[in-house]
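Visitor:
Residue numbers (this note's numbering): 8 to 107.
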């Protein structure tokens with residue numbers, strides 16, 4: 008099955024994301040409600056773009072995808088291994104050793 012996430016504007020709560028499960032038919036095809044089924048996902052999207060037909064709103068445009076954030080680029084947390092001085096081993100665990 009697939010999921011359809013729809014952003015709906017609520018004037019009291021702001022943007023709300025609502026999720027709908029798109030189910031597969033045994034004989035092929037897709038549906039959100041048993042009231043209507045579609046031969047393909049593109050047919051389903053076209054239908055709900057024309058009318059809400061039970062969804063919180065009609066599908067208007069796809070959500071914009073943002074570039075993934077990489078917060079570690081800003082602070083440069085990684086330091087060269089050669090710059091570390093291992094003085095005393097404090098212990099070891101399943102994933103490695105701990106040094107001071």
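For every residue, glycine included, the Cβ atom is placed at its ideal position computed from N, Cα and C.
1. Check residue 94 in the structure and name its three-state DSSP category.
2. Can you say whether residue 39 is buried or exposed, counting buried as having 16 or more other CB atoms within 10 angstroms of its CB?
3. With respect to the alpha helix (DSSP H) encompassing residue 52, which residues constitute its N-terminal and C-terminal limits?
4. Return the CA-CA distance between residue 106 and residue 75, expressed in angstroms with no decimal places.
5. For residue 91, count neighbouring C-beta atoms within 10 Å of its own C-beta (all shown protein chains included) and say buried if the count is 16 or more, exposed if not.
6. Which of the three DSSP states, helix, strand or coil, is assigned to residue 65?
7. With DSSP as the reference, identify every bridge partner of residue 99, one or two as the case may be.
8. Give me the Cβ distance between residue 29 and residue 8, rounded to the nearest whole Å; I'm assuming they're in contact under 8 angstroms.
9. Pick helix, strand or coil for residue 73, following the three-state DSSP scheme.
10. Quick check on residue 102: buried or exposed, where buried means 16 or more other Cβ atoms within 10 Å of its Cβ?
Guide: Reading off the structure:
1. coil
2. buried
3. 48-57
4. Each residue's Cα considered, the two are about 33 angstroms apart.
5. By the 10 Å Cβ count, residue 91 comes out exposed.
6. The three-state secondary structure of residue 65, taken from DSSP, is coil.
7. 104
8. Taking the Cβ atoms as the reference, residue 29 lies roughly 6 angstroms from residue 8, within the contact range of under 8 angstroms.
9. In the structure shown, residue 73 sits in coil (DSSP, three-state: anything other than H, G, I, E or B).
10. Exposed: under 16 other Cβ atoms inside 10 Å.
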